[in-house]
Amino acid sequence: MSLLRYLILPVVCGLALGACNPDPQEQWARAKQAYSVHDYQTARVDLMAALKTRPDDPVFLELLVRTQIALDDGDGAETTLQHLQTIGKAPADHVILAADAALLKGQFAHALSLVNTHDSAEAARIRGLALLGQGKVAEAGKILGSDLESSGPRSALMAAYARYLLDEGELAEADRLARQALTDNGEERVALQVLAGVAAAQGRHAAALLANERLLKIYPHDLTGLFGTVSALGELGRIDEIEPVLGKIERLAPQHPSVVFVKARLAAERKDWAKVRAILQPLERDIDTRPELQWLYAQAFLNLGQVEQARAYLSPLLLHEPHNGDVRLALAQVQIAGQDRRAALATLRPFADDQQASVQALDLLARVAGEEGDPQAGIYAARARAVRNGS
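Under the UniProt record's numbering, think of the first position of the sequence shown as 1, with each following residue one higher.
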């Protein structure tokens with residue numbers, strides 16, 4: 001759940017009065033206010049400016065390390081904590097802060113070692129997340145779920161466990177725990193993200209949109225909430241409302257890999273296949289590592305009549321994702337466009353036993369089977385009718 005942002009807020013001093021001497025107390029006041037409303041980028045800018053004048057101020061430094069962790073800046077947080085320790089002013093919860101910084105840096109074993117002798121709820125959260133980072137999913141779940149009654153503030157631990165349950169598909173329990181976390185702390189960020197994620201996973205897209213709006217009202221720069229809003233708007237068919245949200249994402253994280261996908265998907269929704277191709281073409285060298293981009297690129301080629309280019313992307317993609325119905329259907333359409341109906345029938349045939357197959361896929365299977373004189377054509381047609389009629 002990386003939340004890197006790149007928002008530059010320049011500090012402008014007197015243009016005609018020569019060099020200015022900003023008051024560090026004013027910068028501190030601005031930073032404190034920005035932090036209180038979760039505008040962490042602004043808080044960091046003012047704190048860094050204030051520290052130029054008072055580099056060893058422990059109050060400034062402590063707020064900076066908390067700001068850096070909120071911005072997923074593990075390296076910066078580690079450096080600031082080391083400075084606090086050097087001047088003998090480490091915060092009371094410096095071990096948890098150091099462990100959070102280690103998690104952000106991917107140093108999962110180090111994070112575990114830091115909280116090895118701690119038994120608070122925050123230490124349990126660190127242990128669970130570190131184990132997840134090490135791929136020990138079942139063990140992480142046990143830690144997160146069994147320590148919910150640990151001492152200290154528990155909302156972040158409950159939210160972390162709710163996120164774990166969401167990822168494991170246990171939606172009702174994830175929703176319950178997220179709401180419980182919000183009862184303890186109404187601004188628990190991960191819990192707000194989980195509520196939106198549960199609604200989206202349940203297909204309640206209007207509810208997901210409202211949940212993301214609630215999240216963004218408190219954390220206006222939250223990328224999870226912004227991408228969730230884009231997804232919900234897309235599912236609701238409110239395509240024209242996506243671009244302003246996407247513009248905000250681009251300003252906050254211009255290099256985020258999902259930005260290109262959303263831009264291309266938006267063009268695809270508008271059937272502007274030439275634009276889809278133009279967006280994705282600069283990434284052609286690396287597109288093989290992004291299945292969702294491969295699929296969109298192939299769709300663009302197919303709809304622009306470039307059948308062989310589409311086939312070149314879809315064939316290997318289906319080998320890697322044989323259960324992906326969208327890819328299977330798209331490859332069959334490419335094969336039909338290339339007059340290779342026999343290959344298309346072979347590609348489509350697995351839909352006959354797929355309980356999740358769409359009416360479109362089953363109709364195409366029945367049609368191609370009929371054209372090829374396949375003895376199963378009637379059975380396929382009956383299955384398509386049954387699915388269409390909801391039986």
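We put the CB at the ideal spot given by N, CA and C, even for glycine.
Computed from a predicted model, the values in this text were never measured in an experiment.
Beta-carbon spacing of residue 131, residue 158 below 8 Å: no
Rounded separation between residue 64 and residue 93 - CA only: 14 Å
Where the alpha helix (DSSP H) through residue 316 begins and ends: 307-320
Where residue 358 sits in the DSSP three-state scheme: coil
Whether residue 98 touches residue 112 by CB criterion (8 Å): no
Inside the region 181-247 only - alpha helix (DSSP H) runs reaching at least 4 residues: 189-201, 205-218 and 223-235
Exposure of residue 137, with buried meaning 16 or more beta-carbon neighbours within 10 Å: exposed
Buried or exposed by the 16-neighbour rule on C-beta atoms within 10 Å, applied to residue 119: exposed
Beta carbon of residue 377 nearer than 8 Å to that of residue 370: yes
Best match in 31, 264 and 236 for proximity to residue 203 [C-alpha to C-alpha]: 236
Minimum length 4: unbroken alpha helix (DSSP H) runs contained in the region 90-130: 94-104 and 108-114
Secondary structure of residue 150, DSSP reduced to three states: coil
Residue 326 - containing alpha helix (DSSP H), residue span: 325-337
Pick from 220, 323, 339 and 338 that is closest to residue 349, judged by C-alpha positions: 323
Under the three-state DSSP convention, the category residue 83 falls into: helix
Three-state class that DSSP yields for residue 61 in the structure shown: helix
DSSP-derived helix/strand/coil call for residue 389: coil
Neighbourhood of residue 232 by C-beta distance below 7 Å, restricted to the same chain and skipping five residues each side: 200, 205, 208, 209 and 212
Exposure of residue 269, with buried meaning 16 or more beta-carbon neighbours within 10 Å: exposed
Through-space distance from residue 50 to residue 8, alpha-carbon basis: Note that residue 8 scores a pLDDT of 32, beneath 50, so its modelled location is shaky; the value from the coordinates is reported in the next line. Going from the Cα of residue 8 to the Cα of residue 50 covers about 17 Å.
Residue 282 - DSSP class collapsed to helix/strand/coil: helix
The alpha helix (DSSP H) enclosing residue 52, as first and last residue numbers: 40-53
Distance, residue 319 Cα to residue 143 Cα: 37 Å
Inter-stretch contact (C-beta, 8 Å, three-pair minimum) for the region 119-129 and the region 145-157: yes
Buried or exposed by the 16-neighbour rule on C-beta atoms within 10 Å, applied to residue 375: exposed
Run of the alpha helix (DSSP H) containing residue 343, from where it starts to where it stops: 341-348
6 Å CB neighbourhood of residue 230 in its chain, flanking five on each side removed: 242, 245 and 262
Residue interval of the alpha helix (DSSP H) (run including residue 352): Element bounds for residue 352: n/a, residue is neither H nor E.
Chain C within 8 Å of residue 201, Cβ atoms only: Among the chains of the structure shown, chain C does not appear; only one protein chain is present.
Reference residue 89; option with closest CA among 384, 60 and 45: 60
Contacts around residue 69, its chain only, beta-carbon distance under 6 Å, and the 5 residues preceding and following it disregarded: 77 and 100
Unbroken alpha helix (DSSP H) run spanning residue 265, endpoints: 257-269
Beta-carbon gap between residue 29 and residue 47 smaller than 8 Å: no
Option nearest residue 300 by Cα separation, candidates 251, 273, 179 and 248: 273
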